[in-house]
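Going down the list, the protein sequences come from chains A and B.
So for the first sequence, the working numbering puts the first residue at 2; every next one is plus one.
So for the second sequence, the working numbering puts the first residue at 2; every next one is plus one.
Every residue gets a Cβ at the ideal spot worked out from N, C-alpha and C, and that includes glycine.
2 protein chains.
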Amino acid sequence: MREAYHVELEDLAANLADMSLQAAAAMKKATQALLEADLSLAEQVIGDDQKIDDARAENEEKAYALLALQAPVATDLRTVLAVIHAAESLERMGDLALHVAKAARRRHPQATLPEPVRKYFAEMGELDVRLAEKVADVIKSRDVEAARALEEEDDRVDEIHRHLFTVIMDKDWEHGVAAAVDITLLGRFYERFADHAVSVGKRMVFVATGKMPGYAHDEDL
Amino acid sequence: MREAYHVELEDLAANLADMSLQAAAAMKKATQALLEADLSLAEQVIGDDQKIDDARAENEEKAYALLALQAPVATDLRTVLAVIHAAESLERMGDLALHVAKAARRRHPQATLPEPVRKYFAEMGELDVRLAEKVADVIKSRDVEAARALEEEDDRVDEIHRHLFTVIMDKDWEHGVAAAVDITLLGRFYERFADHAVSVGKRMVFVATGKMPGYAHDEDL
Chain A
2 MREAYHVELE DLAANLADMS LQAAAAMKKA TQALLEADLS LAEQVIGDDQ KIDDARAENE
62 EKAYALLALQ APVATDLRTV LAVIHAAESL ERMGDLALHV AKAARRRHPQ ATLPEPVRKY
122 FAEMGELDVR LAEKVADVIK SRDVEAARAL EEEDDRVDEI HRHLFTVIMD KDWEHGVAAA
182 VDITLLGRFY ERFADHAVSV GKRMVFVATG KMPGYAHDED L
Chain B
2 MREAYHVELE DLAANLADMS LQAAAAMKKA TQALLEADLS LAEQVIGDDQ KIDDARAENE
62 EKAYALLALQ APVATDLRTV LAVIHAAESL ERMGDLALHV AKAARRRHPQ ATLPEPVRKY
122 FAEMGELDVR LAEKVADVIK SRDVEAARAL EEEDDRVDEI HRHLFTVIMD KDWEHGVAAA
182 VDITLLGRFY ERFADHAVSV GKRMVFVATG KMPGYAHDED L
């Protein structure tokens, strides 16, 4: 029984890693759609979101079945619960990529972002995608150091996010309120995506070490 | 054993209801701090947030212990997992109230909100507080109709939230970009708070009926 259990747990982890790669792919396309006002790419992200939602539901069902049939205790129990929490964060990352894609679609054929901030979104997009890809690796490897290293990339996202506010609130800002509002929301989507990625990484540290390294909190601004 | 189990489950639900009342109180004070530029009230919300975080951690520990010691199956298992998810949403509601309080503190002694939008935040604040209070009732009563009725209040929050964008993006908006950015973020905090309240309500419907009425999704804008 224990062996069957560990096989199932590995399956769950593999599905989880796959969800993270799906979230990475969604954010990659959504960022490209945003930067290049590419409507068909935006539509693709919007259409694909259901797949991540379904993967989460499936993952949760499997985790429930595992709990009900195997009644794991101690570390095994915490592992299953970490998987359930991680699946929730990964679904949320998919939603945030979806929000970016919808913003790109809403302004199409206009570009959503004025020139001076495009480079910041390009960089946050790259960081978010890389974070989600690394999270997939961490889920598979349970590498505690790699999980901890996620925070550095998250710090860089936070830094860009904070800088965006100084750009749009500058007295020389000449792109108006509507663009500033879009940038505010989009910046938050990228920042939250990175937070959730770190949070999944922390859950995996917990699975590996039995210790939870504090919850990831978003910034207020 | 089953009886001890149900007593523990009732305890968990009582703690959950208490967390919802804490979130309601936090949002009530945060909104007052925001509307009246009341620094000491804002500080109080900021200082109290740890209590909701601790309540969530305690709740999670108890749920884990219950799973490990009682190995519940079927509906009982789903109930415990619903409690774990609900505690996460309630903690998040506390965080969102915290964000509102921090926004009030950041602009102090200036008012964060220009006059034309104050009434909208007053109303969203009331709706959010009422939602969290009703969620506490629903957790205790498992009243499916009351849980479903939460969506109406959430719809009203969404409506105000959408309207805020038309106000700040109007060509006659004369309060500048910084205020628009604050309003954008604050509006989202109130909107997300209501979403999480509805999501807890749905988890409780699930506990009562065994059927999950779809996930609560936030709006993109």
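B:Phe166 touches chain A at which residues, Cβ-Cβ below 8 Å? Here residue 166 of chain B corresponds to residue number 165 of the second sequence, with the count starting at 1. Here the neighbours are Val182.
Where the alpha helix (DSSP H) containing A:Val168 begins and where it ends: In the first sequence, residue 168 of chain A corresponds to position 167, counting from 1. Looking at the DSSP string, the run of the alpha helix (DSSP H) that includes A:Val168 is 145-169.
Partners in chain B for A:Ala179, counting only beta-carbon separations shorter than 8 Å: Looking up residue 179 of chain A in the first sequence gives position 178. For A:Ala179, the residues of chain B that pass the 8 Å Cβ criterion are Met170, in the order they occur in the chain.
Quick one: which residues of the segment 102-115 of chain A get their C-beta closer than 8 Å to a C-beta of chain B? List them in chain order. So the close ones are Lys103, Ala104, Arg107.
Under DSSP, the alpha helix (DSSP H) around A:Val84 begins and ends at which residues? Reading the first sequence from its first residue, position 83 is the one you call residue 84 of chain A. If you look at A:Val84, you'll find it in the alpha helix (DSSP H) that goes 75-108.
Using DSSP with H/G/I as helix, E/B as strand and the rest coil, what is B:Leu1? Residue 1 of chain B is absent from the structure shown; chain B starts at 2 and stops at 222.
Closer than 8 Å: A:Ser142 CB and nearest the ligand ZN heavy atom: In the structure shown, the ligand ZN is absent, as is every other ligand, since no ligand is present at all.
When the cut-off is 9 Å and only beta carbons count, does A:Thr185 lie next to chain B? The residue you call residue 185 of chain A lines up with position 184 of the first sequence. Cβ-Cβ to chain B under 9 Å: yes for A:Thr185.
Rounded to whole angstroms, what's the CA-CA distance from A:Leu70 to A:His86? Just pull it up for me. Within the first sequence, residue 70 of chain A is the residue found at index 69, counting from 1. Within the first sequence, residue 86 of chain A is the residue found at index 85, counting from 1. Roughly 20 Å separates the two Cα atoms.
Report the residue from A:Asp171, A:Ala83, A:Leu91, A:Ala18 whose alpha carbon sits nearest the alpha carbon of A:Gly1. There is no way to answer for residue 1 of chain A, as the model of chain A reaches only from 2 to 222.
Roughly how far, in whole angstroms, is the beta-carbon of A:Leu91 from the beta-carbon of A:Val201, given that I think they are within contact range, below 8 Å? Mapped onto the first sequence, residue 91 of chain A falls at position 90. Mapped onto the first sequence, residue 201 of chain A falls at position 200. Between A:Leu91 and A:Val201 a beta carbon distance of about 6 Å is seen, short of the 8 Å cut, so the two are scored as contacting.
Along chain B, which residues have their Cβ under 9 Å away from the Cβ of A:Tyr65? Here the question's residue 65 of chain A lines up with position 64 in the first sequence. Within chain B, the residues near A:Tyr65 are Leu78, Arg79, Leu82.
Would you check if the distance between the CB atom of A:Ala15 and the CB atom of A:Glu134 is smaller than 9 Å? Counting from 1 along the first sequence, the entry for residue 15 of chain A is found at position 14. Counting from 1 along the first sequence, the entry for residue 134 of chain A is found at position 133. No, the Cβ-Cβ distance between A:Ala15 and A:Glu134 is not below 9 Å.
I'd like the list of long-range same chain contacts for A:Glu59, defined as Cβ closer than 8 Å, with 5 residues on each side in sequence excluded. By 1-based counting over the first sequence, the position of residue 59 of chain A is 58. Closer than 8 Å at Cβ, skipping near neighbours: Asn16.
Please look up how many angstroms separate the CB atoms of A:Ala98 and A:Ala27, rounded, as I've assumed it's under 8 Å. Walking along the first sequence from the start, residue 98 of chain A turns up at place 97. Walking along the first sequence from the start, residue 27 of chain A turns up at place 26. Indeed they touch by this definition, with Cβ atoms about 4 Å apart.
Taking 9 Å as the threshold (C-beta atoms), are A:Glu61 and A:Ala88 in contact? Residue 88 of chain A sits at position 87 when you count from the first residue of the first sequence. Residue 61 of chain A sits at position 60 when you count from the first residue of the first sequence. For A:Ala88 and A:Glu61, yes; Cβs fall inside 9 Å.
Straight-line gap, A:Arg93 to B:Asp196 (C-alpha atoms, nearest Å): What you label residue 93 of chain A is simply residue 92 of the first sequence in a count that begins at 1. What you label residue 196 of chain B is simply residue 195 of the second sequence in a count that begins at 1. Each residue's alpha carbon lies about 13 Å from the other.
Spell out whether any CB of chain A is found under 9 Å from the CB atom of B:Leu36. As a first step, residue 36 of chain B is located in the second sequence; it is residue number 35 there, counting from the start. For B:Leu36, the answer is no, since every Cβ of chain A falls outside 9 Å of its Cβ.
Check whether the segment 135-148 of chain B and the segment 65-79 of chain B touch, using three or more Cβ-Cβ pairs below 8 Å as the test. No: fewer than three Cβ pairs fall under 8 Å.
For B:Asp155 and B:Met125, I'd like the C-alpha separation in whole angstroms. Looking up residue 155 of chain B in the second sequence gives position 154. Looking up residue 125 of chain B in the second sequence gives position 124. In a straight line, the C-alpha of B:Asp155 is about 9 Å away from that of B:Met125.
Counting only Cβ-Cβ distances shorter than 9 Å, please list the residues of the segment 5-28 of chain A near chain B, keeping chain order. Answer in chain order: no residues at all.
Using the beta-carbon count (16 or more within 10 Å), is A:Pro73 buried or exposed? In the first sequence, the residue the question calls residue 73 of chain A occupies position 72. Counting Cβ neighbours within 10 Å, A:Pro73 comes out buried, since at least 16 surround it.
Buried or exposed for B:Ala5, going by 16 or more other Cβ atoms inside 10 Å? As a first step, residue 5 of chain B is located in the second sequence; it is residue number 4 there, counting from the start. By the 16-neighbour rule on beta-carbons within 10 angstroms, B:Ala5 is exposed.
Within 9 Å of any Cβ in chain A, is that where the Cβ of B:Arg163 sits? In the second sequence, residue 163 of chain B corresponds to position 162, counting from 1. So, not an interface residue.
Rank A:Ala112, A:Lys63, A:Leu10 by C-alpha distance to the C-alpha of A:Asp39 and give the top, closest one. Within the first sequence, numbered from 1, the residue matching residue 39 of chain A stands at position 38. Comparing alpha carbon positions, the residue from A:Ala112, A:Lys63, A:Leu10 closest to A:Asp39 is A:Ala112.
Would you say B:Val74 reaches chain A, if we count a Cβ-Cβ gap shorter than 9 Å as a contact? In the second sequence, counting from the first residue as 1, residue 74 of chain B sits at position 73. Judged by the 9 Å Cβ criterion, B:Val74 is in contact with chain A.
Mind reading off the beta-carbon distance from A:Lys30 to A:Gln51? Whole number of angstroms is fine, and I expect it under 8 Å. The residue labelled residue 30 of chain A in the question sits at position 29 within the first sequence. The residue labelled residue 51 of chain A in the question sits at position 50 within the first sequence. A:Lys30 to A:Gln51, Cβ: 15 Å. No contact.
9 Å is my cut-off, CB to CB: does B:Arg204 come that close to chain A? As a working mapping, residue 204 of chain B is identified with position 203 in the second sequence. For B:Arg204, the closest Cβ of chain A is not nearer than 9 Å.
Output the distance between the C-alpha atoms of B:Ala102 and B:Asp54, rounded to the nearest integer angstrom. Translated into positions along the second sequence, residue 102 of chain B becomes position 101. Translated into positions along the second sequence, residue 54 of chain B becomes position 53. Between B:Ala102 and B:Asp54, the C-alpha separation is close to 16 Å.
Can you tell which of B:Ser142, B:Leu35, B:Ala105, B:Asp12 has its C-alpha closest to the C-alpha of B:Val81? If you number the second sequence from 1, residue 81 of chain B lands on position 80. Of all alpha-carbon atoms in B:Ser142, B:Leu35, B:Ala105, B:Asp12, the one lying nearest the alpha-carbon of B:Val81 is that of B:Asp12.
So which residues of chain B does A:Leu40 contact, with C-beta pairs closer than 9 Å? Against the first sequence, residue 40 of chain A aligns to sequence position 39. Ordered by position in chain B, no residue passes the 9 Å Cβ test against A:Leu40, which lies about 16 Å from the chain.
To the nearest angstrom, report how far apart A:Val130 and B:Arg193 are at their CA atoms. On the first sequence, residue 130 of chain A is found 129 positions in, with the first residue counted as 1. On the second sequence, residue 193 of chain B is found 192 positions in, with the first residue counted as 1. Distance between the alpha carbons of A:Val130 and B:Arg193 is about 24 Å.
Any chain B beta carbon closer than 9 Å to A:Leu68: Position 67 of the first sequence, counting from 1, holds the residue named residue 68 of chain A. At least one CB atom of chain B sits nearer than 9 Å to the CB of A:Leu68.
The alpha helix (DSSP H) with A:Leu128 in it runs from where to where? What you label residue 128 of chain A is simply residue 127 of the first sequence in a count that begins at 1. Residues 116-142.
Let's see if you can read the secondary structure: which residues bound the alpha helix (DSSP H) around B:Glu62? As a working note, residue 62 of chain B is residue 61 in the second sequence. Here the alpha helix (DSSP H) through B:Glu62 covers 40-71.
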